[in-house]
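Input: a single structure, listed below in structure tokens.
Protein chains: 2
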Amino acid sequence: MIMIKNGLVVTQDKRRRVIEGNVLIDGDAIDEVGGATDKSDIVIDAKNGIVMPGLINMHTHVGMTELRGMVDCSSLERFLEQTTAFDSKNTEGKIRRSARLAAEEMISTGTTSFLDLYYSEDVIADEMSRKGMRSFLSWAVLDKEYTTQKGEPIRNAESFVKRYRNKKMTTPSFGLQGVYVCSKETIEQTNRLAKQYETVVHMHLSETRKEVEGHKKKYSQRPIEWMGRNRFLSRRLVAAHCVWANPKEIGLLARSGTTVVNNSISNARLNSGSANVRDMIKKRINVTLGTDSTASNDSLDMFQTMKFSALMNGLPAQHVLDAATVNAARALGSEIGSIERGKKADIIILNDDAAMRPTTRDNAVSNIVFAAQGGNVDTTIINGRVIKR
Amino acid sequence: MIMIKNGLVVTQDKRRRVIEGNVLIDGDAIDEVGGATDKSDIVIDAKNGIVMPGLINMHTHVGMTELRGMVDCSSLERFLEQTTAFDSKNTEGKIRRSARLAAEEMISTGTTSFLDLYYSEDVIADEMSRKGMRSFLSWAVLDKEYTTQKGEPIRNAESFVKRYRNKKMTTPSFGLQGVYVCSKETIEQTNRLAKQYETVVHMHLSETRKEVEGHKKKYSQRPIEWMGRNRFLSRRLVAAHCVWANPKEIGLLARSGTTVVNNSISNARLNSGSANVRDMIKKRINVTLGTDSTASNDSLDMFQTMKFSALMNGLPAQHVLDAATVNAARALGSEIGSIERGKKADIIILNDDAAMRPTTRDNAVSNIVFAAQGGNVDTTIINGRVIKR
Chain S
1 MIMIKNGLVV TQDKRRRVIE GNVLIDGDAI DEVGGATDKS DIVIDAKNGI
51 VMPGLINMHT HVGMTELRGM VDCSSLERFL EQTTAFDSKN TEGKIRRSAR
101 LAAEEMISTG TTSFLDLYYS EDVIADEMSR KGMRSFLSWA VLDKEYTTQK
151 GEPIRNAESF VKRYRNKKMT TPSFGLQGVY VCSKETIEQT NRLAKQYETV
201 VHMHLSETRK EVEGHKKKYS QRPIEWMGRN RFLSRRLVAA HCVWANPKEI
251 GLLARSGTTV VNNSISNARL NSGSANVRDM IKKRINVTLG TDSTASNDSL
301 DMFQTMKFSA LMNGLPAQHV LDAATVNAAR ALGSEIGSIE RGKKADIIIL
351 NDDAAMRPTT RDNAVSNIVF AAQGGNVDTT IINGRVIKR
Chain V
1001 MIMIKNGLVV TQDKRRRVIE GNVLIDGDAI DEVGGATDKS DIVIDAKNGI
1051 VMPGLINMHT HVGMTELRGM VDCSSLERFL EQTTAFDSKN TEGKIRRSAR
1101 LAAEEMISTG TTSFLDLYYS EDVIADEMSR KGMRSFLSWA VLDKEYTTQK
1151 GEPIRNAESF VKRYRNKKMT TPSFGLQGVY VCSKETIEQT NRLAKQYETV
1201 VHMHLSETRK EVEGHKKKYS QRPIEWMGRN RFLSRRLVAA HCVWANPKEI
1251 GLLARSGTTV VNNSISNARL NSGSANVRDM IKKRINVTLG TDSTASNDSL
1301 DMFQTMKFSA LMNGLPAQHV LDAATVNAAR ALGSEIGSIE RGKKADIIIL
1351 NDDAAMRPTT RDNAVSNIVF AAQGGNVDTT IINGRVIKR
């Protein structure tokens, strides 16, 4: 048993309580919150820091991490040309190295789990479990004529999901690159398989104006509108970006229960525009946050992403912290995202450095979103294991 | 003598060279850059990290640091009500504590000097020199009827400038709170004194739409326009914000040689709007960067400010790094801002953590702006003294 004491616990429980008290971890789960008893073998002194749920990065491509600062970010189209060229010469060795780098950065900056979209997710899964990360991995499906993958993407994805679906720290799922390289049939097949294997479908959607214009030319409908008419929007879908969702499409996303991932830094970096996150939250869409890959961010630090999303959209700190924790957990159907009895023990501790002072119960959530940065993460615990201390 | 070796040196010299080589410090100044000789007493191993000029924060109020996360940021007007209430009950002891906290945060996140605007700058000066910071401190002048200062602000400012103008690590100057609390006469007198004592004039200017509307009602002119007509714009002036500068006013700022401080995070946090930094740079205005105080940011980390300004304005990394180093040094008339023979040794070293990898000569400047955060600062040297290691 591990006992964390002397911290201010930002629980993210239903009442969003911030309490002074201990957190007791038994095996991979949280056993008690706020109690005073000390029946633990290991005691971690939080030293007046904040104890909080590990952050959940809902959209990234960890296999591209070594592209940090390397490609032209003037537009998504220019960016895709260069990254596709990179992918065509990619090797498992390079993906492994990138994944390892990403794991180190995430653990060090307080991200305890993430939803990835890429190929060779089996390689990524292995590297991540070696590092102790909790991974949600979507194998990217796209039409055969566009892919750099060996073999047929949808078969690769299915075989990955089959092989990894009973692993403890890895949850496999199906991905879709986007409507610009996925036919209606491809999306239909992918959805059918996702239903069969009970996984999420993770895709890029309505990221750029060009995507919208291209889709309108081809189908006379906007991407999200078209997804809705084809019954592709659902509780199962995790849609990254949605920068160009118009009010009608925001309505469709809301009614279908689709989860949206806001990637504010990447969208700004690639000049894609800025998603209307305020209206999405107003319409009760399950909004979550992602960094996107380091090629377009160039950081996997979710604290930075929380602050940028808050500032870009004028959001209250509590909404932003919810997006990075409990909302993400809801989309993933996983017992993470809050510090409550029975939840998996994915917990981080922030230090009490000058940049975090003063912190009180009143400003703790504000300080998490606006003052903290990855560098303030002192301790990272994933599934009850202390990974960074 | 101190020798920094094994680093990638981002010099910020006239040719913006990025070189592999040593940096030799003799006393308070840089003696040699790129040389191979080793005649030093102390050797600092940069361990493949980036060696770069310390960052210069061109607009902050360090005496308010303890207000982090404490006030309502819904608008500048609401914010000023609360902070003025705070100021009226403020004490030298509190200002001292806030200054100390700010010094710790700046040193730890790679800021080696800053331009402040507040009262009790004598207290701040003492606290900062104790910590080893290089300080540029502007005593805020405003009309007597608005001030919370004891005595007459302009007399306080003059006496502060007189008393501190020959200190090594402190450069005193005159400040102006803003046109909404400074009459034409107050600004005139302040300008005259600044000329006499050869200091900058540091002021808030055109921060909110309300400031512009209020000024138009009173003077039938916009603030910057009015400043121009009264010959208050000059090479001496450091104008913070300028969010509401229209194209004509951008022209006035450019022709007068006024330095502008972009405070993108604070402006977003207070819903003030976003300055047109791209056009300012296009018109060759000397653009610099500031965090503003922790009450409206809530961080003094200049790396975060660089990234946010770059993303908000679509700026190339080199322009942003210039704003935070050489442009600031030019405004302050100080021998800092670059790593060149003869310059004062204000130098920071970034570590080689996962978040910074890969770094090469080609992407070093991009990684400084988009990948690095204060937490990556390994070593801080100010005026040849190793303050953090």
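Chains as they are written, first to last, in my numbering: chain S, 1 to 389; chain V, 1001 to 1389. Even for Gly, the Cβ is constructed at its ideal location relative to N, Cα and C.
On a Cα-Cα basis, can you pick out the residue from S:Gly54, S:Met3 and S:Arg209 that is closest to glycine 35 (chain S)? Answer by Cα proximity: S:Met3.
Strictly below 7 angstroms CB to CB, what residues from chain S border isoleucine 1265 (chain V)? By Cβ distance, chain S contributes Leu311.
Determine the chain V residues that contact glycine 314 (chain S) at a beta-carbon separation under 7 angstroms, and present them in chain order. At a beta-carbon threshold of 7 angstroms, the residues of chain V lying near glycine 314 (chain S) are Asn1271, ordered along the chain.
Is it the case that the Cβ atoms of isoleucine 95 (chain S) and glycine 63 (chain S) are separated by a distance below 8 angstroms? Taking C-beta atoms as the reference points, isoleucine 95 (chain S) and glycine 63 (chain S) count as a pair closer than 8 angstroms.
Please check if any C-beta of chain V sits within less than 8 angstroms of the C-beta of asparagine 166 (chain S). Interface criterion not met: the Cβ of asparagine 166 (chain S) is under 8 angstroms from no Cβ in chain V.
Taking 8 angstroms as the limit between beta carbons, can you name the residues of its chain near aspartate 122 (chain S), skipping five residues before and five after? Excluding residues within five positions, the ones whose Cβ falls inside 8 angstroms are Phe160, Arg163 and Tyr164.
Would you kindly work out how many angstroms separate the C-alpha atoms of leucine 1115 (chain V) and phenylalanine 1174 (chain V), rounded to a whole number? So the alpha carbons of these two residues sit roughly 11 angstroms apart.
Quickly, what does DSSP pair glutamate 1020 (chain V) with across the bridge? List them, please. In the DSSP output, where bridge partners are listed per residue, glutamate 1020 (chain V) has V:Leu1008.
Taking contact to mean at least 3 C-beta pairs separated by less than 8 angstroms, is the segment 291–309 of chain S in contact with the segment 266–276 of chain S? Taking 8 angstroms as the limit for Cβ pairs, the verdict is that the segment 266–276 of chain S does touch the segment 291–309 of chain S.
CA-CA distance, isoleucine 1381 (chain V) and arginine 222 (chain S)? Using only the alpha carbons, I get a separation of about 55 angstroms.
7 angstroms Cβ shell around lysine 1216 (chain V) - same chain, five flanking residues per side excluded: Around lysine 1216 (chain V): Arg1222.
Decide yes or no for the touch test of the segment 1063–1079 of chain V against the segment 1357–1367 of chain V: beta carbon pairs closer than 8 angstroms, at least 3 of them. Counting Cβ pairs under 8 angstroms, fewer than three are found: no touch.
Could you tell me whether the segment 235–247 of chain S touches the segment 203–219 of chain S, using the rule of 3 or more Cβ pairs below 8 angstroms? The answer is yes - the segment 203–219 of chain S touches the segment 235–247 of chain S, with three or more Cβ pairs under 8 angstroms.
In chain order, what residues of the same chain lie with their CB nearer than 6 angstroms to the CB of lysine 150 (chain S), ignoring the 5 residues before and after it? Around lysine 150 (chain S), the same chain offers no residue with a beta carbon nearer than 6 angstroms, after the five sequence neighbours per side are excluded.
Can you name the start and end residues of the beta strand (DSSP E) that proline 172 (chain S) belongs to? Looking at the DSSP string, the run of the beta strand (DSSP E) that includes proline 172 (chain S) is 170–176.
Skipping 5 residues on each side, what residues in its chain have a beta carbon closer than 8 angstroms to that of glycine 1342 (chain V)? Shown here for glycine 1342 (chain V): same chain residues with a beta carbon closer than 8 angstroms to its own, the five before and five after excluded, namely Ala1029, Ile1030 and Glu1335 in chain order.
Candidates S:Met169, S:Asp126 and S:Ile107: closest to isoleucine 347 (chain S) by CA position: The option with the nearest alpha carbon to isoleucine 347 (chain S) is S:Ile107.
Near-chain V residues of the segment 77–109 of chain S (beta-carbon distance less than 9 angstroms), N- to C-terminal order: Result list: Arg100, Leu101, Ala102, Ala103, Glu104, Glu105, Met106, Ile107, Ser108 and Thr109.
Do phenylalanine 1136 (chain V) and leucine 1311 (chain V) come within 8 angstroms of each other at the CB atom, strictly closer than that value? For the 8 angstroms CB-CB criterion, leucine 1311 (chain V) and phenylalanine 1136 (chain V) do not form a contact.
Can you tell me whether DSSP reads aspartate 301 (chain S) as helix, strand or coil? Under the three-state reduction of DSSP output, aspartate 301 (chain S) falls in the coil class, being neither helix nor strand.
Look up leucine 315 (chain S) in the DSSP assignment and say whether it is helix, strand or coil. Three-state result, leucine 315 (chain S): coil.
Determine the burial state of serine 88 (chain S): buried for a count of at least 16 other Cβ atoms within 10 Å of its Cβ, exposed for fewer. Taking all protein chains in view, the Cβ of serine 88 (chain S) is surrounded by fewer than 16 other Cβ atoms within 10 Å, so the residue is classified as exposed.
Considering only the beta carbon of each residue, do valine 1181 (chain V) and leucine 1142 (chain V) sit closer than 8 angstroms? Taking C-beta atoms as the reference points, valine 1181 (chain V) and leucine 1142 (chain V) count as a pair closer than 8 angstroms.
Enclosing alpha helix (DSSP H) for phenylalanine 1370 (chain V) [first to last residue]: Note, phenylalanine 1370 (chain V): premise wrong, no alpha helix (DSSP H); not H, not E.
How would you write the range of the alpha helix (DSSP H) that glutamate 213 (chain S) sits in, first residue to last? Bounds of the alpha helix (DSSP H) holding glutamate 213 (chain S) are 209–219.
Just the C-alpha distance for aspartate 1072 (chain V) and threonine 360 (chain S), rounded to the nearest angstrom, thanks. Taking the straight line from one Cα to the other gives about 16 angstroms.
Could you name the residues that DSSP lists as bridge partners for serine 1135 (chain V)? Looking at the DSSP assignment, serine 1135 (chain V) forms a beta bridge with V:Phe1114 and V:Thr1170.
For alanine 75 (chain S), which residues of its own chain have a beta-carbon under 7 angstroms away from its beta-carbon, when the five flanking residues on both sides are left out? The amino acid occupying residue 75 (chain S) in the given sequence is serine; alanine does not appear at that position. These residues qualify, in order along the chain: Leu270 and Asn271.
Which residues mark the beginning and the end of the alpha helix (DSSP H) in which methionine 1203 (chain V) is found? Careful: methionine 1203 (chain V) lies outside any alpha helix (DSSP H), inside the beta strand (DSSP E) at 1201–1205.
Around the Cβ of aspartate 322 (chain S), are there at least 16 other Cβ atoms within 10 angstroms (buried) or fewer (exposed)? Classification for aspartate 322 (chain S): buried.
Check the C-beta distance from valine 1033 (chain V) over to isoleucine 1349 (chain V) and give it rounded, since I have them as a contact under 8 angstroms. Their Cβ separation, rounded to whole angstroms, is 14 angstroms, which puts valine 1033 (chain V) and isoleucine 1349 (chain V) out of contact at 8 angstroms.
Is the CB-CB distance between glycine 384 (chain S) and isoleucine 25 (chain S) below 8 angstroms? A Cβ-Cβ contact shorter than 8 angstroms links glycine 384 (chain S) with isoleucine 25 (chain S).
Boundaries of the alpha helix (DSSP H) in which glycine 1277 (chain V) is found, first to last residue: In the sequence on display, residue 1277 (chain V) carries valine and not glycine. Following the DSSP letters along the chain, one finds valine 1277 (chain V) inside the alpha helix (DSSP H) bounded by residues 1277–1282.
Which one or two residues does DSSP pair with isoleucine 265 (chain S) in a beta bridge? For isoleucine 265 (chain S), DSSP records no beta bridge to any residue.
Span of the alpha helix (DSSP H) around asparagine 1327 (chain V): 1326–1332 is the span of the alpha helix (DSSP H), which, as asked, contains asparagine 1327 (chain V).
Pick helix, strand or coil for leucine 55 (chain S), following the three-state DSSP scheme. Strand, per DSSP.
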